[in-house]
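Student: What follows is a structure written as structure tokens; I'll ask about it next.
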Amino acid sequence: MPVTFEEVAAVLAQVEEKAGAAIATLVREPDEEHDRINDHLIQLGIGRPGASVEASKHVEVKVAWRMRQRGMDHVELVVNNELCNGTLSCSRLLPYVLGPDQTLTVHDPVRSREFRGRDVR
Numbered sequence: 016m017p018v019t020f021e022e023v024a025a026v027l028a029q030v031e032e033k034a035g036a037a038i039a040t041l042v043r044e045p046d047e048e049h050d051r052i053n054d055h056l057i058q059l060g061i062g063r064p065g066a067s068v069e070a071s072k073h074v075e076v077k078v079a080w081r082m083r084q085r086g087m088d089h090v091e092l093v094v095n096n097e098l099c100n101g102t103l104s105c106s107r108l109l110p111y112v113l114g115p116d117q118t119l120t121v122h123d124p125v126r127s128r129e130f131r132g133r134d135v136r
């Protein structure tokens, strides 16, 4: 059975209280960060110069990018929409956005999945 937004909000409030820190809120929209993610993907041969990869605007990919930039080993992420699928989807791109050995666990309303960064040298 899917979890309600209210149930997730209650759990997040408990986590914030225990951690003594706020949990970041990201929104799915284009910004400078998504431009940098697009550039990174193009350097890897994913996507085309001048074109925007839609998934680079998604919260999951933005979190993976911030993890890469900050050298974080693991993050647990709760999102309110099901992870997208397809050729240039979050599920396919996350291993290329994460750094080697980084892991991101995404909990969406349907299931939880762990993504591990690939060494793309």
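When the letters of the sequence shown are read in order and numbered with the working numbering, they come out as residues 16 to 136.
A virtual CB, placed ideally from N, CA and C, is assigned to each residue, including glycine.
So the candidates are H73, K77, R107, L92; which of them puts its Cα closest to the Cα of I61?
Tutor: Measuring from the Cα of I61, the nearest candidate turns out to be R107.
Student: How is the beta strand (DSSP E) around E129 delimited, first residue to last?
Tutor: E129 -> beta strand (DSSP E) spans 127-131.
Student: By alpha-carbon positions, which one of V68, A25, P124 ends up nearest to V112?
Tutor: When each option's Cα is compared against that of V112, the closest is V68.
Student: Apart from the five residues on each side of it in sequence, which residues of its chain come closer than 8 Å, Cβ to Cβ, to G86?
Tutor: Counting only Cβ-Cβ distances below 8 Å, and skipping sequence neighbours, we find G114.
Student: Report buried or exposed for H89, applying the criterion of at least 16 other Cβ atoms within 10 angstroms of its Cβ.
Tutor: The residue is exposed, with fewer than 16 neighbouring Cβ atoms inside 10 Å.
Student: With a threshold of 16 other CB atoms inside 10 Å of the CB of H100, please say whether the residue is buried or exposed.
Tutor: Checking the displayed sequence, the identity of residue 100 turns out to be Asn instead of His. The residue in question, N100, is exposed, as its Cβ has fewer than 16 Cβ neighbours within 10 Å.
Student: Tell me, to the nearest whole angstrom, how far the beta carbon of E97 is from that of H122; I am working on the premise that it is less than 8 Å.
Tutor: In fact, because the Cβ distance is near 11 Å, the residues do not count as touching under 8 Å.
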